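Here is the structure we will look at.
Numbering (the numbering used here), first residue to last: 258 to 579.
Next up, the structure:
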């Protein structure tokens, strides 16, 4: 049976977390899904753990393994490319889905009339942590709301469940320029479509876990940050935000070794005013020099490009008799 939903779990040295992800999936009421684990060059026992979990799964499990770390953008693209479902849902290695999550998402999608479904990217819902529900409370009831996805994101401003038509992600892959590029670089393009937002918690996230890619005090993934800022202009509508983003853009371009002419071209290609870049250039360069003097800067894009040149990606469909 071809699965209706593909659940994707990118992971890097988090073998001990995968059991919890699996437990959330195994508890799902809705069963027509597959699980794709994208192993980004882990050097722990991730492969052995995934194979053991697959043996006791009644849903198909696919393992993608990179011979060395190539970063979340590349490994996510690999997972999207092999996904067989009509819909894609990410469940990161430090997250887990609540038992009715998949059923709620597909039921909500089915309430959208056939004639307007092409106007929707999918369905969105809430996440929580042990401390409570994430995001700003812009909603007043538990009834679904239809809105532009970018509008919803600007209101919610937090991690949330994104249940998306797979074809949209296959047509809009993540840009592979560094080990990490903000997911908003893709979602902002897809986000011109509508989402049906259900103000219900469907996933638990756990922040601050081992090997997280979030802020560490260093300036890593600078090339990825620069490209993401240039690609997400519609997410920053007011002038103070635009100025801040322009400063950071030029700062990240310097650290990411993006030449000035290329930086201006990339900015202009996104429909932005290059005169703003020129105005903030002195401030951005002063901050960049300060970053370097403080020893914060990591040239991760160099390692990324080296890994891209030699990496071997292996695909294993582990239990397709499930």
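Glycine included, each C-beta is placed from N, C-alpha and C at the ideal position.
Please read these numbers as outputs of a predicted model, since none were measured by experiment.
Two segments are said to touch when three or more pairs of C-beta atoms, one from each, lie closer than 8 Å; by this definition the segment 363-376 does not touch the segment 426-433.
Following the DSSP letters along the chain, one finds residue 573 inside the beta strand (DSSP E) bounded by residues 570-574.
Scanning 293, 382, 300, 309 for the CA closest to the CA of residue 458 turns up 382. Between residue 365 and residue 314, the alpha-carbon positions lie close to 26 Å from each other. Residue 260 places its beta carbon 9 Å or farther from that of residue 347.
Counting along the chain, residue 353 sits inside no alpha helix (DSSP H); it lies in the beta strand (DSSP E) bounded by residues 352-354. In the DSSP assignment, residue 461 falls within the unbroken beta strand (DSSP E) covering 451-462. With a cut-off of 8 Å on Cβ pairs, the segment 448-458 is in contact with the segment 393-400, counting three or more such pairs. The beta-bridge partner set that DSSP reports for residue 379 consists of 421, 452.
Within the DSSP bridge table, the entry for residue 384 names 460 as partners. Collapsing the DSSP output to three states places residue 564 in a helix. The beta carbons of residue 340 and residue 437 sit about 21 Å from each other, so the pair does not count as a contact at 8 Å.
In the displayed model, residue 258 falls within coil according to three-state DSSP, outside both helix and strand. Taking 9 Å as the cut-off, the beta carbon of residue 429 is found closer than this to the beta carbon of residue 443. Of 324, 334, 269, the smallest CA-CA separation from residue 567 is found for 324. In the three-state reduction of the DSSP assignment, residue 516 falls in the coil class. Annotation for residue 426: 337, 345 place their beta carbon closer than 6 Å to its own, counting only its chain and skipping 5 residues before and after.
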